[in-house]
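Since the structure comes first, as structure tokens, the remarks are kept for the end.
In the numbering used here, the protein residues as written are 63 to 250.
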């Protein structure tokens, strides 16, 4: 037996993405975005509401960063999603430390160990009034603390969190359960 939920999908995992931008005065801002992810090999897409400081900053600088919230940054990441940058200087209040990106005019944050630097590729208003932003990833940087012995990103060390839209909760991602492109060979 199945239960129908109409048009209330649960898509999982939804990464908790933190979008970093600078305003016209060089003040860093951070916004929590649940509706986003990688949309091609070198592009990410996010959807945000129409009236947002982040949208204004991306329009101005044509750049942004995407960091991944972690178990250790959950409180600050949640705060970045419940308070508007139009009303508070969120980065300072959270006690975070911003520094300039090496490839785009947008901030990275010391507290987030994995960040993508993105150049604005496209921005469109959707039929629902949201803004869909596509960025070209021009650089990814990672703190050495989340790298494995071969120098690759280790999600177990990163402990990224995901948004569970069914329970309105955060969950940790990281346990390895198999090898991609190998497990299916068992059925050959």
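Every residue gets a Cβ at the ideal spot worked out from N, C-alpha and C, and that includes glycine.
Since the structure is predicted, the reported quantities are computational estimates derived from the model, not experimental observations.
By the neighbour-count criterion, in which a residue is buried when 16 or more other Cβ atoms sit within 10 angstroms of its Cβ, residue 206 is exposed. Between residue 96 and residue 153, the C-beta spacing is not below 8 Å. Less than 8 Å separates the beta-carbon of residue 126 from that of residue 168. Beyond the five residues adjoining it in sequence on each side, residue 148 comes within less than 6 Å, by CB distance, of 115 in the same chain, given in chain order. Taking one beta carbon from each stretch, the segment 190-200 and the segment 98-112 have 3 or more pairs nearer than 8 Å; the two touch.
Per DSSP, the beta bridge partners of residue 169 are 162. Nearest C-alpha to residue 195 among 88, 69, 118 and 139: 118.
Assignment of residue 94 by DSSP, reduced to helix, strand and coil, places it in the strand class.
Per DSSP, the continuous beta strand (DSSP E) segment holding residue 108 begins and ends at 105-110. In the DSSP assignment, residue 233 forms a beta bridge with 224.
The three-state secondary structure of residue 137, taken from DSSP, is helix. In this structure, the beta-carbon distance from residue 178 to residue 128 falls below 8 Å. Between the alpha carbons of residue 156 and residue 229 lies a distance of about 25 Å. Per DSSP, residue 154 is one residue of the alpha helix (DSSP H) stretching across 152-156.
Beyond the five residues adjoining it in sequence on each side, residue 86 comes within less than 7 Å, by CB distance, of 122 in the same chain, given in chain order. CA-to-CA, the gap between residue 247 and residue 239 works out to about 15 Å. Beta-bridge pairing by DSSP links residue 77 to 224.
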